[in-house]
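> If you're matching them up, the sequences are chains A and B in order. Position 1 (the first sequence) corresponds to 1 in our numbering; numbering is contiguous. Position 24 (the second sequence) corresponds to 24 in our numbering; numbering is contiguous. Heads up, the beta-carbon is just placed ideally off N, CA and C, and yes, glycines get one too. Just so we're clear, the structure is a prediction, and the values are computed from it rather than from any experiment.
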Amino acid sequence: MTDPAPADKPRLLPLRLKGVCYQRGDQVLLDQVNLDIGPSGKTLVLGPNGAGKSLLLRLCHGLVEPSSGRIDWALGNGDSAQQRRRRQAMVFQRPVLLRRSALANVAHALALQGVPRLERGERAAEALDRFGLLPLAARPARVMSGGEQQRLALARAWALRPEILFLDEPTSALDPSAVKAVEDAVLTFHEAGTRIVMTSHDLGQARRLADEVVFLCNGRLLEQTPAEQFFRQPGSPEAAAFLRGDLVW
Amino acid sequence: MDVNPFAQALQLIVQMDPALAGIVSLSLQVSLSAAIIAAVLGLPLGAALALYGFRGRGAVVASLNALMGLPPVVAGLMVYLLLSRAGPLGSWGLLFTPTAMIIVQTLLVFPIIAALSRQVIEDFWEEYREQLQSLGSSRLRAIPTLLWDARFSLMTAVLAGFGRASAEVGAVLIVGGNIDGVTRVMTTAIALETSRGNLALALGLGLILLALGLLVNLAIYLIGEQARRKLG
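Listed below in structure tokens is the structure:
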């Protein structure tokens, strides 16, 4: 189970973005982004609101097509976007759960990946157990608390054994104990070898989790640096101001 | 009229008068069959309309919405022309049979179910889209997921369709012919018995029809409540 990247498949990572732009109307939301997501580690995408953090994650995950530029996975673009996406998972700010039981939510995700029916129940239960949700397996997902719902979204991602996990502000709507649970879950994924790419506006969280920081401001990628260096001596005045807690535009 | 027709009607119902029971049972058979067939066809079509964009989609959606108000007599006339001996399907010999009545009611119920489910599924898709795409679902594969998740809202659409079928008189009268013991249903019987002055039977049937309508609406309400409570 702790082997998210079977050896027989071509490697998914690194992921390279070259000159990626995203425009809506005449508004440029991401401008000439170059980014290199290596094979391991935890990358935190930071930046003020509206910087394009969520959009960047959606572009990487393939939910949104860039207006121009290239997004290349190591295994090449021969596989369809849908096939590539099956080796990734994403956890959203507000988890979207089906109107079914917790267990059925995970089982449905496995069904979409073509896991045989007989295996689904066991794998789904294992994933719920990993995040302490097994006692709630039969509970309708929509009546669970916010923290439980986010943990269920993480368990669903876990069951898919992704090679890379995108998390879009996964803790912004949660209370402190639920935040802790999500951060622990991120570490669990990391220990299993899953590449982590996560947006956050919580600097404390970034310090706790990041190996590497990508700083976005106004749709431009201003730096991609090791976390330790970023927090000690950011390379751009915008990042320095952001770290001081000033408003950055 | 020396006896109160209302009391007589109740007596007919309580005694389960065989003529009355036959009419009620045929009504239910025809309208339920129509609702089920229309659901089997209309739910996936409504979902597909919600998920797929294509040229002319707006026109299809607008016509479907307009067809929700298709006058039953017009639907009856169209099916009559199709099935009458001189019509293109005349050789099937379906005119004045319960099958013809099911066909015409399906035609009336289908737009209701398709149009309402299109609306429901569109809202669900809006909410689920990114998550399902992220999980690797194609649009086609999303249709059963969405139909299942929206099942309680869709049940309301199907019941609304059934309500319309069981209440209409014009369509079944034209293609069924109101033949005693063969194609006589509650609504056509009420119209006939009233004109004949047989008010007790008409009233008895009317009461049953009203009760049926009440039952359907109660079911819609309870299903909605249960869904809200259970699934959030």
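Who does A/L167 pair with in a DSSP beta bridge?
Answer by DSSP bridge pairing, in chain order: A/V91, A/M198.
> State yes or no: is the beta carbon of B/Q119 nearer than 7 angstroms to at least one beta carbon in chain A?
For B/Q119, the answer is no, since every Cβ of chain A falls outside 7 angstroms of its Cβ.
> Apply the 10 Å Cβ neighbour rule to B/E225 and answer buried if 16 or more other Cβ atoms are within range, or exposed otherwise.
Its Cβ having fewer than 16 others within 10 Å, B/E225 is exposed.
> Say whether chain B places a C-beta atom closer than 7 angstroms to the C-beta of A/M1.
Residue confidence for A/M1 is low, a pLDDT of 43 falling below 50, so the modelled location carries little weight and cannot support an answer.
> According to DSSP, A/R220 sits in a beta bridge with which residue or residues?
Answer by DSSP bridge pairing, in chain order: A/C217.
> How would you write the range of the beta strand (DSSP E) that A/G19 sits in, first residue to last?
Per DSSP, A/G19 belongs to the beta strand (DSSP E) from 15-24.
> So, does the CB of B/M1 fall closer than 7 angstroms to a CB anywhere in chain A?
At B/M1, the pLDDT of 49 sits below 50, so the modelled position is not reliable and the matter cannot be decided from this model.
> Quick check: what's the CA-CA separation for B/V120 versus B/I143?
Distance between the alpha carbons of B/V120 and B/I143 is about 12 angstroms.
> If you follow the alpha helix (DSSP H) that B/W148 is in, where does it begin and where does it stop?
Note, B/W148: alpha helix (DSSP H), 139-149.
> Verify the CB distance criterion: does A/R87 have a CB-CB separation below 7 angstroms to chain B?
It does not: the Cβ of A/R87 has no partner Cβ on chain B nearer than 7 angstroms.
> For A/P66, which residues from the same chain have a beta carbon less than 6 angstroms from its beta carbon, with the 5 sequence-adjacent residues on both sides left out?
Closer than 6 angstroms at Cβ, skipping near neighbours: V20, Y22, L59.
> What are the residues in the segment 99-114 of chain A lying within 8 angstroms of chain B by C-beta distance?
For the segment 99-114 of chain A, which is checked against every Cβ of chain B, the residues closer than 8 angstroms are R99, R100, H108, A109, L112, Q113.
> Which residues does DSSP pair with A/D184 in a beta bridge?
In the DSSP output, where bridge partners are listed per residue, A/D184 has none listed.
> How would you write the range of the alpha helix (DSSP H) that A/Q158 sits in, first residue to last?
The sequence as given places Trp at residue 158 of chain A; Gln does not occur at that position. Here the alpha helix (DSSP H) through A/W158 covers 146-159.
> For B/L192 and B/R229, what's the separation of their Cα atoms in angstroms?
Between B/L192 and B/R229, the C-alpha separation is close to 45 angstroms.
> Below 6 angstroms CB to CB, which residues in the same chain sit around B/A39 once its five sequence neighbours on both sides are set aside?
Contacts found: I113, V158.
> Can you check whether the C-beta of A/Q82 is within less than 7 angstroms of a C-beta belonging to chain B?
With 7 angstroms as the cut-off, A/Q82 counts as an interface residue toward chain B.
> Cβ of B/Q226 less than 7 angstroms from any chain A Cβ?
Closer than 7 angstroms: no.
> So, at 7 angstroms on beta carbons, what are the nonlocal neighbours of B/G90 in its own chain, with the 5 sequence-adjacent residues on each side left out?
Excluding positions up to five away in sequence, the list reads L83, S84.
> Throw me the rounded Cβ distance for the A/V33 and A/L17 pair, which I believe falls under 8 angstroms.
Indeed they touch by this definition, with Cβ atoms about 6 angstroms apart.
> For B/Y52 and A/L187, I'd like the C-alpha separation in whole angstroms.
C-alpha separation (whole angstroms): 39 angstroms.
> May I have the straight-line CA-CA distance separating B/N4 from B/V182, to the nearest angstrom?
Roughly 29 angstroms separates the two Cα atoms.
> Can you find a CB in chain A that lies within less than 7 angstroms of the CB of B/Q131?
With 7 angstroms as the cut-off, B/Q131 counts as an interface residue toward chain A.
> Taking the beta strand (DSSP E) that A/D31 falls in, what are its first and last residues?
Here the beta strand (DSSP E) through A/D31 covers 27-37.
> By the three-class DSSP mapping on this structure, what secondary structure does B/I23 have?
In this structure, B/I23 counts as helix in the three-state DSSP scheme.
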